[in-house]
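Read top to bottom, the protein sequences are chains P and H.
Last residue of the first sequence: 235 in the numbering used here, with the numbers rising by one and none dropped.
Last residue of the second sequence: 235 in the numbering used here, with the numbers rising by one and none dropped.
The beta carbon of each residue, even a glycine, is placed where N, CA and C say it ideally should be.
One structure below.
Number of protein chains: 2
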Amino acid sequence: MVKKLIPPQATIRRLSIYLRYLNGLDVDGVKVISSHDLARRLALNPAQVRKDLAYFGEFGKRGVGYSVKKLRDHIVKILGLQKMRKVAIIGAGGRLGTALALYTGFERRNFKVCALFDKDPAIIGNEVEGIGNILSIETLPQMVKEKGIEILILTIPAAAVKEVYDLVMLSGVKAVLNFAPFKMLSTEDVDVHNVDLTTELESLSYRLSLRESGIAPLEQPLSPEAE
Amino acid sequence: MVKKLIPPQATIRRLSIYLRYLNGLDVDGVKVISSHDLARRLALNPAQVRKDLAYFGEFGKRGVGYSVKKLRDHIVKILGLQKMRKVAIIGAGGRLGTALALYTGFERRNFKVCALFDKDPAIIGNEVEGIGNILSIETLPQMVKEKGIEILILTIPAAAVKEVYDLVMLSGVKAVLNFAPFKMLSTEDVDVHNVDLTTELESLSYRLSLRESGIAPLEQPLSPEAE
DNA sequence: TTAACAATGAGCATTATATCACAAAGTTTT
DNA sequence: AAAACTTTGTGATATAATGCTCATTGTTAA
């Protein structure tokens, strides 16, 4: 590898997908995989797989492919997943908040939900097994500092975003994953990532309409971010 | 407008975002909005907003901007949201399935959750308020036909995907929104859209790592699909 | 009614992303 | 140990998405 280019965001998302698939292969005892096989399973172009990886180094062996274990470890390092990331959820009283708080999949990937916040006094203080008591959002900045929370997951109603916006942005947290149906903007200090479940459904609806009007059935694979 | 181009997938996702913002404006009594203001609020380029809309027609008025109500109605039509879309959830017993089943935001956007499925006999038959009893996934093809279900939301564990895959793909449903951490591929008949919550967190983790290593702080806005 | 202003729509330029195609490197077969 | 095959890594190319610019159209003020 000669020149260092900055990888597209889409590449990062695919790395995460590769990682998950590699974990599965490893469990199944597969030792080596080629870009071709990887690409086929994930409906991608083999060259794209290789290029995605080549942004970060030369991990493969010509004539052979990629060592599943080694590649997995490299991707873990690239994505910064060796060290546990501390996460907190705001809107812990809601259904989505609860679902995410109790989802065990995050921990398996080295994200630790270590605090829950809500603004509803009726549930503040309630204990959630394995995490702790639900805290008042007023205490957010303090807890971020105390516990070393890096990422905040927002699962609050759209209307509540305005209320907590300043609190969140000034809390000292470095990244936000926002599920509220209200687009939050990133700033110099805080990297915001918006996920909108309704948008996902509406994209599908658009494609259904296309088919109904008979214009274009599934002419292209779905976009990266969504996979 | 002269030539008809097919709009990028990213455009469709943005239309959904525009739509939500326009709804908010309408509630606030705003009558007209310019591409400039729309873009500023959503951290986009004004030209991009105009281009997104221009794929579908000329909705604006020069010197004025876009009528909030009219533009909203146009986008509703473009996305195929005039008619109610029937949705079912598989994995209704899980936390995410429950959260989505009871989320009222979908209905507000014209998606009706009209059936819930699970494979666990212990909960099949349980009633969920406003929707009905949890059904066995064995009955999926039959219910899809009976109820006219168009979209399936999968909130099952990764391991369960293989089990239900054929059932889902042959059920007669037209689109799938898959939350299971296992990438499902689209086919000729079924449009699959994968959403992976872990990938969202891992993208953030990558960006945190970048900052830690001091290489590049927030050099670019986050990807479309994710906003 | 004319001049100054505002904002769209669209062609063009630029940038970003994905794919092709092949030399280089490694493996297997004969 | 040579020939036939496999698969990577990468420069070149193609495609797609984004952003710039400005003529055109419409509005408002004088």
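| Check | Outcome |
| --- | --- |
| For a quick check, are the C-beta atoms of P/Gly73 and P/Ile25 less than 8 Å apart? | no |
| Return the Cβ separation of H/Ile143 and H/Met151 in integer angstroms, given the expectation that the two are a contact with Cβ distance under 8 Å. | Residue identity check: residue 143 of chain H is Leu in the sequence provided, not Ile. Right, the Cβ-Cβ distance comes to about 6 Å (below 8 Å), so this counts as a contact. |
| From this set, H/Asp128, H/Asn202, H/Arg80, which residue's C-alpha is nearest H/Pro189's C-alpha? | H/Asn202 |
| Could you compute how far the alpha carbon of H/Val95 sits from the alpha carbon of H/Leu160? | 6 Å |
| In terms of DSSP beta bridges, what is P/Leu212 paired with? | P/Leu212 pairs with nothing; no bridge assigned. |
| Per DSSP, P/Tyr74 is paired with what? | P/Ile41, P/Gly68 |
| Could one say the Cβ of P/Ala51 lies closer than 8 Å to chain H's Cβ atoms, at least one of them? | yes |
| Quick check: what's the CA-CA separation for H/Ile157 versus H/Ala183? | 10 Å |
| Using a Cβ cut-off of 7 Å, pull out every chain P residue sitting near H/Ser213, in sequence order please. | Leu87, Gly88, Leu89, Arg93 |
| Does any C-beta atom of chain P lie closer than 8 Å to the C-beta of H/Ile139? | no |
| Counting only runs that start and end within the region 138-172 of chain H, where is the beta strand (DSSP E) found for 3 or more residues in a row? | 140-144, 159-162 |
| Determine whether the beta carbon atoms of P/Ile20 and H/Tyr29 lie at a separation below 8 Å. | no |
| Hey, quick one: how far does the alpha helix (DSSP H) through H/Lys120 stretch, first residue to last? | No alpha helix (DSSP H) holds H/Lys120; the beta strand (DSSP E) holding it covers 119-126. |
| Is P/Met9 helix, strand or coil by DSSP? | Any reading at P/Met9 must be qualified, since the residue scores a pLDDT of 42, below 50, and its modelled position is unreliable; no value is offered. |
| Kindly indicate the opening and closing residues of the beta strand (DSSP E) around H/Asp199. | 199-202 |
| On the CB-based measure, 16 or more other CB atoms within 10 Å of its CB, does P/Arg80 come out buried or exposed? | buried |
| Taking the alpha carbon of P/Val35 as the reference point, which residue from P/Arg103, P/Leu104, P/Val57, P/Lys77 has its own alpha carbon closest? | P/Lys77 |
| Can you have a look at H/Val10 and say buried or exposed, based on whether 16 or more other CB atoms are within 10 angstroms of its CB? | Residue placement at H/Val10 is poorly supported in this model, since its pLDDT is 44, which falls under 50; the coordinates are not used for a value here. |
| According to DSSP, which residues form a beta bridge with P/Lys94? | P/Lys120 |
| Rounded to whole angstroms, what's the CA-CA distance from P/Gly65 to P/Leu52? Just pull it up for me. | 20 Å |
| Taking the alpha carbon of P/Tyr111 as the point to measure from, which residue in P/Asp126, P/Val136, P/Glu154 has its own alpha carbon closest? | P/Val136 |
| Could you tell me which chain H residues have their CB closer than 9 Å to the CB of P/Val72, listed as they occur along the chain? | The contacting residues do not exist; P/Val72 stays about 25 Å from chain H at best. |
| Alpha carbon to alpha carbon, how far is P/Leu193 from H/Glu171? | 40 Å |
| Taking Cβ to Cβ, would you say H/Gly99 is nearer than 8 Å to H/Ala123? | no |
| For a test of the three-state rule: what should DSSP assign to P/Leu185, helix, strand or coil? | strand |
| Counting contacts by CB-CB distance shorter than 8 Å, is H/Met9 in contact with chain P? | Confidence in H/Met9 is poor, its pLDDT being 42 and thus under 50, which makes the residue's placement unreliable; the coordinate value appears in the next sentence. No, its Cβ sits nowhere closer than 8 Å to a Cβ of chain P. |
| Just checking: is the beta-carbon of P/Gly68 within a distance shorter than 8 Å of some beta-carbon in chain H? | no |
| Taking DSSP as the reference, what is the three-state secondary structure of H/Glu115? | helix |
| Tell me whether P/Glu135 sits in a helix, a strand or coil according to DSSP, three-state version. | strand |
| H/Phe114 and P/Leu209: beta carbons closer than 8 Å? | yes |
| Quick check: the Cα distance between P/Lys91 and P/Lys85, rounded to an integer number of angstroms? | 9 Å |
| What's the call for H/Thr207, buried or exposed, on a 16-neighbour Cβ count within 10 Å? | buried |
| Considering Cα atoms alone, identify which of P/Gly88, P/Lys191, P/Val198 is closest to H/Arg49. | P/Lys191 |
| If you run the structure through DSSP and keep just helix, strand and coil, what is H/Thr19? | helix |
| Measuring only the C-alpha atoms, how far is H/Pro16 from H/Ser43? | 19 Å |
| Does the beta-carbon of P/Arg93 have 16 or more other beta-carbons within 10 angstroms, so that it is buried, or is it exposed? | buried |
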